[in-house]
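Here the structure comes first, spelled out in structure tokens, and everything after it is commentary.
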Amino acid sequence: MERRENGTWLNWIPLVIMMIFFGGTWIFPLFYHVTERYNSLIIFVCLAGLFFINVDWIARLKSGDAVLYATVAALVIASVNLFIIGSNKGCIFIIADFLLLLYIAPHVRLSAVQYRALALFFFIMYGVWFVHDMEFSYNTNTGATYTVFSLFAALIVLRYYSLKREIMGYFIVLALLRTGTLVFWHLARGAFSALFFFSCFFMLFLILDPAKYRKAYAFLSCFAVFGSLLFVWAYVSLSKTGYNARMPLFYKNVFSGREEIWTEVWNMLKVQPLLGIGSGYELSSFFEYNMHNAMYDILIVHGFIVFAIAAFVIIARLIGMRDHIRRDPYSLIAGSAVFAVFFESFIDMDLMWADYTPILLFLLITLYRPHFRVPDAGRTAAAGLKSESTASGGAV
1454 MERRENGTWL NWIPLVIMMI FFGGTWIFPL FYHVTERYNS LIIFVCLAGL
1504 FFINVDWIAR LKSGDAVLYA TVAALVIASV NLFIIGSNKG CIFIIADFLL
1554 LLYIAPHVRL SAVQYRALAL FFFIMYGVWF VHDMEFSYNT NTGATYTVFS
1604 LFAALIVLRY YSLKREIMGY FIVLALLRTG TLVFWHLARG AFSALFFFSC
1654 FFMLFLILDP AKYRKAYAFL SCFAVFGSLL FVWAYVSLSK TGYNARMPLF
1704 YKNVFSGREE IWTEVWNMLK VQPLLGIGSG YELSSFFEYN MHNAMYDILI
1754 VHGFIVFAIA AFVIIARLIG MRDHIRRDPY SLIAGSAVFA VFFESFIDMD
1804 LMWADYTPIL LFLLITLYRP HFRVPDAGRT AAAGLKSEST ASGGAV
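The opening residue of the sequence shown carries number 1454 in our numbering; numbering runs sequentially from there.
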């Protein structure tokens, strides 16, 4: 099944800028270190360009688009809060990038050529690191996470060719083995959790159609947001018992510092819970201002009001994915990867880090508007997904 979109040529402008930024970041370490402080701004420009090119925002505001209104409200309130508390203003781009990404995903109208150019680009970007392990040129945790995230995008292309010729499935196995080996070699807990959760969600969605189990899927979508905060509470509470242990396969203890960061910023938030604490503070518990939890970052930096509005936008978009996940093999990969990144970000900020945003955008576009036709050799498997989903009342 293939949807043909009349994508505008103007999309090439933000897409090319994004690819140049992404390619420069992950192939040239010097480029990465020079542009790192501007990455959120660069991505904001690209996402804003895609927004104005693809979204008739005036018409959508007139039609009462609740998600758009919530997105605008969250960003306006967050901006005002930063001025009130006198915080570093640049952090607004982090939440702006994230909410813009979620909003525009269903609306971006790429042509087949534009979509396939993106797919090939991410496949090549993964291939570069597959051939040459460059983690030590960056931060080993960061490099390993990039390898896993770019694998998610590369799997779209690999799956397409494996459906055309079964022997090509060998390269999927090889890519998974190579990526897993790199993750363990660099002892990257976050990257491992992303790969682990991807496997779990892929099997879960393959077995249980979200379109059929709507309440369970809605709970999962809510848990992706509020479960992240619940994890912070449980982690800090357990750390106070004095329990600790060495993690198997990794070099760190279960409690190795995040509990101190989360406790310190929570004590700061209690002073001004509605406004948030902003960013740029020098923490006593860690050498940099890093929440190591995406949802907790929104809450701490911007306060309860902005978090509540952002939670509505996030959950609305996750629930909106429900009827798309089982549409074809590519959507299944993309949907599983998106949830994997959400759950990986219980212990890190990768969900909202601009250097990974282009991959998330590609995965979400794949989920909503795939441009790879299911090859004839794979139609039996695809038909099985379709018939099962249709029988359960789902949309394909």
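Quick reminder that beta carbons are idealized off the backbone N, C-alpha and C, glycines included.
(message) Using only the alpha-carbon positions, how far apart do Gly1410 and Leu1630 sit?
(response) This structure leaves residue 1410 out entirely; the chain is present only between 1454 and 1849.
(request) Please classify Asn1697: does DSSP put it in a helix, a strand, or coil? (result) coil
(request) For Leu1804, I'd like the list of residues in its chain whose CB is within less than 8 angstroms of its CB, leaving aside the five on either flank, ordered along the chain. (result) Phe1551, Ala1747, Val1794, Phe1795, Glu1797, Ser1798 and Leu1813
(message) Can you tell me whether Leu1616 is buried or exposed? The criterion is at least 16 other CB atoms within 10 Å of its CB, across all chains shown.
(response) buried
(request) Could you check which residue in Gly1476, Gly1502 and Leu1483 has the C-alpha nearest to that of Thr1461? (result) Gly1502
(request) Measure the alpha-carbon distance for Asn1594 versus Phe1624 and round it to whole angstroms. (result) Cα to Cα, the separation comes out at about 25 angstroms.
(request) Identify, in the order they occur along the chain, each residue of the same chain with its Cβ nearer than 6 angstroms to the Cβ of Met1471, setting aside the five sequence neighbours on each side. (result) Cys1499 and Pro1811
(message) Our contact map puts Trp1717 next to Ser1737 with C-beta atoms below 8 angstroms; I'd like the distance itself, whole angstroms only.
(response) As written in the sequence, residue 1717 is Glu, which differs from the Trp given in the question. Correct: roughly 7 angstroms between the Cβ atoms.
(message) If I follow the unbroken alpha helix (DSSP H) through Arg1636, where does it start and stop?
(response) Arg is not the amino acid found at residue 1636; the sequence shown has Val there. That run of the alpha helix (DSSP H) goes Gly1622 to Trp1638.
(message) Less than 9 angstroms between the C-beta atoms of Thr1478 and Asp1801, yes or no?
(response) Between Thr1478 and Asp1801, the C-beta gap is not smaller than 9 angstroms, which leaves the two residues out of contact.
(message) Can you find the residues in the same chain that come closer than 7 angstroms, C-beta to C-beta, to Leu1727, ignoring five residues on each side of it along the sequence?
(response) Gly1756, Phe1757 and Ile1758
(message) Going by DSSP in three states, Asn1706 sits in which element: helix, strand or coil?
(response) strand
(request) In angstroms with no decimal places, state the Cα-to-Cα distance between Leu1492 and His1745. (result) According to the sequence shown, residue 1492 is Asn rather than Leu. Roughly 18 angstroms between the two C-alpha positions.
(message) Between Ala1549 and Phe1497, how many whole angstroms is the CB-CB distance? I'm expecting something under 8 angstroms.
(response) 6 angstroms
(request) Can you give me the Cβ contacts of Pro1828 inside the same chain, cut-off strictly under 6 angstroms, excluding the 5 residues immediately before and after it? (result) Leu1616 and Lys1617
(request) Within the same chain, show all residues whose beta-carbon is closer than 6 angstroms to that of His1639, passing over the 5 residues directly before and after it, in chain order. (result) Glu1588, Thr1593 and Ala1597
(request) Quick one: which unbroken alpha helix (DSSP H) runs of 4-plus residues sit fully inside the segment 1494–1578? Chain order, please. (result) 1510–1515, 1519–1538 and 1545–1557
(request) Tell me, to the nearest whole angstrom, how far the beta carbon of Ala1523 is from that of Phe1765; I am working on the premise that it is less than 8 angstroms. (result) 5 angstroms
(request) Spell out a yes or no on whether the segment 1814–1821 and the segment 1568–1579 are touching, meaning 3 or more CB-CB pairs, one atom from each, closer than 8 angstroms. (result) yes
(message) Can you look up Glu1735 in the DSSP assignment and give me helix, strand or coil?
(response) coil
(message) Using only the alpha-carbon positions, how far apart do Ile1538 and Gly1733 sit?
(response) Ile1538 and Gly1733 have their C-alpha atoms some 12 angstroms from each other.
(request) Give every residue of the same chain whose Cβ lies closer than 6 angstroms to the Cβ of Lys1436, excluding the five residues on either side of it in the sequence, and list them in chain order. (result) No answer is possible for residue 1436: the residues shown for the chain start at 1454 and end at 1849.
(request) Could you spell out the range, first to last residue, of the alpha helix (DSSP H) harbouring Glu1712? (result) Arg1711 to Leu1722
(request) Quick one: residues in its chain with C-beta nearer than 6 angstroms to the C-beta of Leu1468, no 5 flanking neighbours on either side, listed in chain order? (result) none
(request) Give the DSSP-derived three-state secondary structure of Tyr1783 in the structure shown. (result) If DSSP states are grouped into helix, strand and coil, Tyr1783 belongs with the helices.
(message) For the alpha helix (DSSP H) containing Ile1473, name the first residue and the last one.
(response) Trp1465 to Ile1480
(message) If distances are taken between C-alpha atoms only, which option among Phe1504, Val1689, Pro1782 and Val1525 comes closest to Met1656?
(response) Pro1782
(request) Count the other C-beta atoms from every protein chain shown that fall within 10 angstroms of the C-beta of Glu1455, then say buried if there are 16 or more, exposed otherwise. (result) Below a pLDDT of 50, predicted positions are generally treated as unreliable, and Glu1455, at 38, falls in that range; the measurement from the model is reported next regardless. By the neighbour-count rule (16 or more Cβ atoms within 10 Å), Glu1455 is not buried but exposed.
(request) Find out if the Cβ-Cβ distance for the pair Leu1771, Ser1674 is shorter than 9 angstroms. (result) yes
(request) Drop a sphere of 10 angstroms on the beta-carbon of Ser1681, count the other beta-carbons inside from all chains shown, and report buried for 16 or more, exposed for fewer. (result) buried
(message) Taking its Cβ as the centre, do 16 or more other Cβ atoms sit within 10 Å of Asp1509, making it buried, or is it exposed?
(response) exposed
(request) Compare the Cα-Cα distances from Ser1789 to each of Arg1490, Ala1677, Tyr1556 and Leu1573 and report the closest residue. (result) Ala1677
(request) Note down the Cα distance separating Ser1690 from Ile1714, rounded to an integer number of angstroms. (result) 13 angstroms
(request) Quick one: give me the first and last residue of the alpha helix (DSSP H) that Met1748 is part of. (result) Ala1747 to Gly1773
(message) Starting from Ser1443, trace the alpha helix (DSSP H) in both directions and tell me its first and last residue.
(response) Beyond the ends of the chain as shown, which are 1454 and 1849, falls residue 1443; an answer cannot be given.
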